[in-house]
Structures are given as structure tokens and as C-alpha cells.
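Trainee: All the letters of the sequence shown, read from the start, carry residue numbers 125 to 255 under this note's numbering. Quick reminder that beta carbons are idealized off the backbone N, C-alpha and C, glycines included.
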Amino acid sequence: MSLLMIDLDKFKNINDTYGHIAGDDVLKMFASHGKSVFRATDLFARIGGEEFVALLVGTDKPGGLLVAERLRSSIAELNIRTRAGVIRVTASVGLTAVTMKDRSVTSPLRRADKALYRAKESGRNRVEVAA
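Now the structure itself:
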């Protein structure tokens, strides 16, 4: 199983520039787009602000990387239509495998979050894989 932690890059700038209603439109469009990328067996949820997680059932780390890259690149190509105009966004993604050694969801969430932080520190709009 793979776990993705996804963060919309510079989302605060969207709210500050276009307003919170446009920011909400971006979140809704991203959530809708995410649902089209993931399978019905996967879990995709917003966990707060502009952060989302995806649990890819039956998907190993290499498969998770393919899905994460497909999501990241497809988001960068979106023209999100809002009441404030068309907005382009990118996303950073942290990826980790969920293993039998993980006794709770906390450990893989931490690993994915650290990988996400590296993606943001490395310039955003990229996927980083946890060791």
C-alpha cells in the first residue's frame, strides 16, 4: 500500500490574490480532479487547509510513484476556472509505502509529510519519496 501526502503549492497566495471564494473554487476543482485520478478502491481525502492524502490500496512504492507523478503533472496542466478568473496551480507530493511494520497510520503519515517537506524545499511541483 502507498500513501501520498499532497499540498497545493503557494495556496495562501491564491487566497491573498484572488480571495477566499476563488480559493474554495480551486480546492473543489482539485478534489474533483483527484477523484478522477484515483481508483474507487483508493481513499482520497482533504486533511486540512490545502493538504490532502491518498491511500493507494494494493499499490507498491513504484506504482505509487507513477500515480503521484500522473497526479502532479495533470494538476500543473489544469486551467481552473473560478469566479475570479482562470487560476493555474501546482502540487507537491510526499510518497511512502505503508508496511506491516507500521502499527498505526501515524508513522507513514510522518514519513509522507517529511517527503512532502523535501518536495517543497526542493522547489515545489515535484514528488519526493520517503526512504
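If you drop the 5 nearest sequence neighbours on each side, which residues of the same chain put their C-beta closer than 6 Å to that of MET129?
Mentor: VAL177, GLY218, ALA236, ASP237 and LEU240
Trainee: Near ARG250, which residues of its chain fall below 8 Å by C-beta distance, leaving aside the five closest residues on each side in sequence?
Mentor: So the list reads ARG196, SER216, VAL217 and ALA243, once near-sequence residues are dropped.
Trainee: Provide the residue span of the alpha helix (DSSP H) that contains ARG170, from first to last.
Mentor: For ARG170, there is no enclosing alpha helix (DSSP H); the enclosing beta strand (DSSP E) covers residues 167 to 172.
Trainee: Looking at C-alpha atoms only, which residue of LEU127, LYS134 and ASP166 is the closest neighbour of GLU245?
Mentor: LYS134
Trainee: Quick check: the Cα distance between LEU151 and LYS225, rounded to an integer number of angstroms?
Mentor: 34 Å
Trainee: Since HIS157 and ILE211 are thought to touch, with beta carbons under 8 Å apart, how far apart are those beta carbons, to the nearest angstrom?
Mentor: Contact flag wrong, Cβ pair sits at about 13 Å.
Trainee: Just to confirm the assignment, what range does the beta strand (DSSP E) spanning PHE162 have?
Mentor: From DSSP, PHE162 is part of no beta strand (DSSP E); its letter is neither H nor E.
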